[in-house]
Amino acid sequence: MKSEIEHKAYMVPNPVTPNEAIQFDEERCTACNICVHVCRTDVLMPSPEKGKPPILLYPDECWYCGVCVEDCPEPGSIAMIHPMHQTVVVNWKRKDTGKTYRLGMKNPPEPNDTPPAR
Amino acid sequence: MNSWLGLVKSASGLPSWPYPVRYDTLRVIESDVLVLGGGIAGSHAAINAARMGAKVVVTDKGPTVRSGSGGAGVDHWQLACTNPCSRLSPDEVAHAVHESLSGYDCGALRYIHCTESWDTLLDCENMGVQIRDLNDEFVGADFRDSKTKLMFAYDYVNRHTIRVHGHNMKRRLYKEMKRLGVKIHDRVMMTRLLTEHGKPGNRVLGAMGVNTRTGEFYVFKAKATVMAMARVERLWSFVSELSGAASNFMDPNNCGDGLAMGWHAGAEFAMTEQSQPGGGPYQYIPYGVGNSDNSWHGTPIVDARGKEVPWVNRDNLEISDVQNRFRPADDQLFTLCNGITSRGRKTYMDKGGTPSGFPAHYKYAWNVLVPDLPERIKKGEFTLPLYSDLTSLPYQERRAIFGLMVGNEGKTRIPVYETYTKAGFDPEKDMLQVPLMPLQGYTNMNMWAGVPPPYLRAFGGGGLLVDWRLATNLPGLYAAGSSVFGGGAHASAASSGRYVGRQAAAHAVNVQTINVESSQVDNERKRVFGRLRRNGGYIGWKELNIGIARVMQDYCGALRNEESLKIGGEILEQIKESELQQAFVNNPHELAHILECESLITVGHMVMEASLARKASSTHMGYSRSDYPDIDPPEWDKLVAVQRLNETTRARRIPLNYHLQEPYASTYEENYKRYAVKHKVS
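Taken in order, these protein sequences are the chains called A and U. Counting in the numbering used here, the first sequence runs from 1 upward without gaps. Counting in the numbering used here, the second sequence runs from 1001 upward without gaps.
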């Protein structure tokens, strides 16, 4: 038990909401900063550490347009996370089974890999 | 400063701003044509001015490659009346739109839209945007023309609106601007127009602005200036805590900076008193819950037991066949669809009307879900929750709605299409739930809007008053897109930008000198950087914005009178001297937000002045006057134009069809022939 808990606390302001509009996969991100460049509200700042993903400085200014994800040259590096008060009510019902699913549920159904029309 | 921020600052524990900070730098840039705002309208304006041989500069608060309300994509192209499959003429559609909006629209801009829309789309195709079913995914579909491979939306008979694969639209426009040598200055927030002798009401000589990353100050001198900046969000409603900057539907950079610049320079505006209920942080993911509107138009809505909600035509007669949802009624000429403007529908709801869909006008009304759906739910005819049932549509309709339109529309390709399919949503098998909300929410097919709190409003169609050249009252200042009253929506912005780019280039040829008054520049630098105080105040930009919005909610709401508007105007003035002087700024980004708050104050003031000038209650403007309770008296069936000169507001009434009266010709075609500048192919 002892080893799993970080016995350190910090004096910081309450988290800005929405908390994490954008998440990076550090393994995939090449720190090219294209996402920094295409964001209309400057939600992201280049990291002071070379080679690291951008810093999510202003999540409360995210417009949730998804352009950072779409324009990323390394697919899978960035995920856009809708605010929870919206995802929690996005649900759908499979017509033949009657089973319901929800965006953000623990065990989601298999991904549907059909691309948009081309 | 006994704040946490002060503590960390004093301990030097804060990371530095990642960009160089140069508040002292002044950059002067000259061009023939200066385009303010690099969104859809501004990009087309820049491209067309450059094709005419002009030296063009574009400024944008964001990144031009993706900025503007159309920057994230587009799925349908409105009123392409001259496309080879269209059954309608620009003239009859321009008349129809004017009639549908009861005349509260810019007739000149609408005709330019109807007449250049298809050519503008062909321009986009030449730049590499896909506008046809090139991969034959939709062969045989009712909405597809086999010869041209064009695909239509909403009215499959008359074929005026085209489905497009426009997710990369802005990237292609950007590339074309670069190819033509247009100079682009991103992250520059424009703050004031430059005028001859530094006085309002005079010729426009360019504009000034500040870089939102570096704080550098810019002076752009130009022979002709195109205003292509957007309208205003965040005026009545600003709550970032719930949904970030998505608390309002449109681009959060839209703070009315352009409106404020025009007001300070003495430009004349129309319809700025128009607003409608709407907005607010409690709406659902746009296009991301069960609904049947816009991109999703025609999607069947079923109840919890699988019973389908009927569709009706303009006479409230049930439509039995799915295919007839996309056709006018037997005795109807054609239907107009939503997206032409963002207004209309909600204004109609405000006066107690229930039919969902736009426009509300009978003659060209499109097909909708039964308008009394809330009552039917209440009586138990339908059991909540409802669902959007794409599965029961024919394959090609389903694929066109979800795969093509949701897959390409702005703010849906990643936020809805990719996010939902990755999470397992499959339109072949699944029904997307409509939110559970107060019954009022089901009057609108656009169910992701939810039910906005009654005190929140959205700015309507107000903008610059223009002539047939899309020129304003200020020589040298032109306007396109939603900066024009009644303007807005993708194809309208694009077409008017294309037209005005040629006008501005032609104007610039005849201008010899630009003599900018240095005192105007000095005063503006003092104003802009006066907000930077080392031992700054106590109020940040967000609290300022929310405070300004509260004044608008209370003093300029659905019910107004002379007293409320005068007190509200005084409070806005006072804020400039009190709270605004106590604003703190940590970096150029926050400086821009404080300047935006000043724009909001100015636009709020303009809205109140126009509301004072219209001494009548108006359903078209979306509010009532308790001191003038008669609704829509005929003598006020006019545009109210307002202008600020010498600290005084001037207001006048203008006929709704001023664009077809002296000094203009009496027909759309004749005016277009008389005033349009011929297109030049580079």
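Glycine included, each C-beta is placed from N, C-alpha and C at the ideal position.
What is the residue span of the beta strand (DSSP E) that residue i lies within?
{"i": "U:I1184", "result": "1183-1185"}
{"i": "U:E1030", "result": "1026-1036"}
{"i": "U:R1171", "result": "Premise fails: U:R1171 lies in the alpha helix (DSSP H), 1169-1179, not in any beta strand (DSSP E)."}
{"i": "A:I78", "result": "78-80"}
{"i": "U:I1575", "result": "Element bounds for U:I1575: not the beta strand (DSSP E) but the alpha helix (DSSP H), 1562-1577."}
{"i": "A:I136", "result": "Chain A is shown only over 1 to 118; residue 136 of chain A falls outside these bounds and no answer can be derived."}
{"i": "U:T1421", "result": "Unbroken run through U:T1421 is the alpha helix (DSSP H), 1419-1422; no beta strand (DSSP E)."}
{"i": "U:R1192", "result": "1188-1195"}
May I ask which residues mark the beginning and end of the alpha helix (DSSP H) holding residue i?
{"i": "U:D1554", "result": "1541-1555"}
{"i": "U:F1529", "result": "1518-1529"}
{"i": "U:A1045", "result": "1040-1051"}
{"i": "U:A1506", "result": "1490-1509"}
With DSSP as the reference, label residue i as helix, strand or coil.
{"i": "A:R94", "result": "strand"}
{"i": "U:D1430", "result": "strand"}
{"i": "U:G1352", "result": "Note that U:G1352 scores 38 on pLDDT, short of 50, meaning its location in the model is unreliable; the coordinates nonetheless yield the value given after this. In the structure shown, U:G1352 sits in coil (DSSP, three-state: anything other than H, G, I, E or B)."}
{"i": "U:P1480", "result": "The residue you asked about is not Pro; residue 1480 of chain U is Ala in the sequence shown. In the structure shown, U:A1480 sits in coil (DSSP, three-state: anything other than H, G, I, E or B)."}
{"i": "U:V1210", "result": "strand"}
{"i": "U:H1593", "result": "helix"}
{"i": "U:F1269", "result": "strand"}
{"i": "U:A1011", "result": "coil"}
{"i": "U:S1682", "result": "Residue placement at U:S1682 is flagged as unreliable, the pLDDT there being 49, under the threshold of 50; the coordinate-derived value follows with that caveat. Residue state, collapsed to three classes: coil."}
{"i": "A:Y64", "result": "coil"}
{"i": "U:T1412", "result": "coil"}
{"i": "U:Y1218", "result": "strand"}
{"i": "U:N1646", "result": "coil"}
{"i": "U:K1673", "result": "helix"}
{"i": "U:G1280", "result": "coil"}
{"i": "U:Y1658", "result": "helix"}
{"i": "U:I1285", "result": "coil"}
{"i": "U:F1358", "result": "For U:F1358, the pLDDT reaches just 36, beneath the cut-off of 50, and the residue's location in the model is therefore unreliable, leaving the point undetermined."}
To which residues of the same chain is residue i closer than 7 Å at the C-beta, ignoring the five residues directly before and after it?
{"i": "A:P115", "result": "none"}
{"i": "A:E20", "result": "L56, P59, I81"}
{"i": "A:P46", "result": "N33, V36, P54"}
{"i": "U:V1521", "result": "M1208, V1219"}
{"i": "U:I1546", "result": "F1238"}
{"i": "U:E1669", "result": "D1091"}
{"i": "U:S1482", "result": "A1230, R1231, G1463, G1488, A1493"}
Whose C-beta lies closer than 6 Å to the C-beta of residue i among residues of the same chain, with five residues either side of it excluded?
{"i": "U:A1153", "result": "H1076, T1161, R1163"}
{"i": "U:M1250", "result": "S1069, E1233"}
{"i": "U:T1272", "result": "G1462, M1606, V1607, A1610"}
{"i": "U:Y1104", "result": "H1620"}
{"i": "U:K1351", "result": "In this prediction, U:K1351 has a pLDDT of 38, which is less than 50 and means its spatial position is unreliable; what the coordinates show is noted afterwards. The residues are T1619."}
{"i": "U:P1475", "result": "R1203"}
{"i": "A:T100", "result": "N91, K93"}
{"i": "U:V1021", "result": "G1215"}
Taking residue i as the reference, which of the options has the closest Cα?
{"i": "A:S77", "options": "A:N107, A:E26, A:K52", "result": "A:E26"}
{"i": "U:H1620", "options": "U:H1098, U:A1041, U:E1577", "result": "U:H1098"}
{"i": "U:G1262", "options": "U:V1516, U:P1655, U:Q1643", "result": "U:Q1643"}
{"i": "U:P1435", "options": "U:R1051, U:G1278, U:S1496, U:S1388", "result": "U:S1388"}
{"i": "U:A1304", "options": "U:N1367, U:L1384, U:E1268", "result": "U:L1384"}
{"i": "U:A1050", "options": "U:I1567, U:G1403, U:I1184", "result": "U:I1184"}
{"i": "U:P1300", "options": "U:N1324, U:L1007, U:R1314", "result": "U:N1324"}
{"i": "U:T1122", "options": "U:N1135, U:L1173, U:E1318, U:L1386", "result": "It is worth fixing the name first, because residue 1122 of chain U is Leu in this sequence and not Thr. Minimum Cα distance to U:L1122 is reached at U:L1173."}
{"i": "U:E1517", "options": "U:P1084, U:R1469, U:P1200, U:L1572", "result": "U:P1200"}
{"i": "U:Y1364", "options": "U:A1094, U:V1057, U:A1222, U:R1614", "result": "U:A1094"}
{"i": "U:P1415", "options": "U:E1543, U:P1286, U:R1498, U:S1320", "result": "U:P1286"}
{"i": "A:K95", "options": "U:M1431, U:A1651, U:G1410, U:T1648", "result": "U:M1431"}
{"i": "U:T1025", "options": "U:A1592, U:N1646, U:F1529", "result": "U:F1529"}
{"i": "U:A1504", "options": "U:E1428, U:L1600, U:G1279, U:L1205", "result": "U:L1205"}
{"i": "U:S1031", "options": "U:G1053, U:K1223, U:G1497, U:C1081", "result": "U:K1223"}
CB of residue i to nearest heavy atom of the ligand GTP: below 6 Å?
{"i": "U:P1453", "result": "Of the ligands one can find in the structure shown there are none, so the ligand GTP has no counterpart to examine."}
Once the 5 residues before and after residue i are set aside, which same chain residues still bring their CB inside 8 Å of it?
{"i": "U:L1242", "result": "P1281, Y1282"}
{"i": "U:V1188", "result": "T1059, D1060, K1061, G1209, V1210, N1211, T1212, Y1218"}
Q.
Restricting to runs no shorter than 3 residues, where is the beta strand (DSSP E) found entirely within the stretch 1370-1402 of chain U?
A. Here no run is fully enclosed.
Q. Quick one: complete beta strand (DSSP E) runs, 3+ long, within the stretch 1064-1141 of chain U?
A. Counting whole runs of 3 or more residues, the stretch 1064-1141 of chain U contains no beta strand (DSSP E) stretch at all.
Q. What runs of the alpha helix (DSSP H), each 4 residues or longer, lie entirely inside the stretch 18-57 of chain A?
A. The qualifying runs are 34-38.
**Q.** Contained alpha helix (DSSP H) runs [length at least 4] in the stretch 1432-1464 of chain U, N- to C-terminal order
**A.** Counting only runs of 4 or more, we get nothing.
Q | Uninterrupted alpha helix (DSSP H) stretches inside the stretch 1224-1253 of chain U (no shorter than 4 residues) | A | Those alpha helix (DSSP H) runs which fall completely within the stretch 1224-1253 of chain U and span 4+ residues are 1240-1243.
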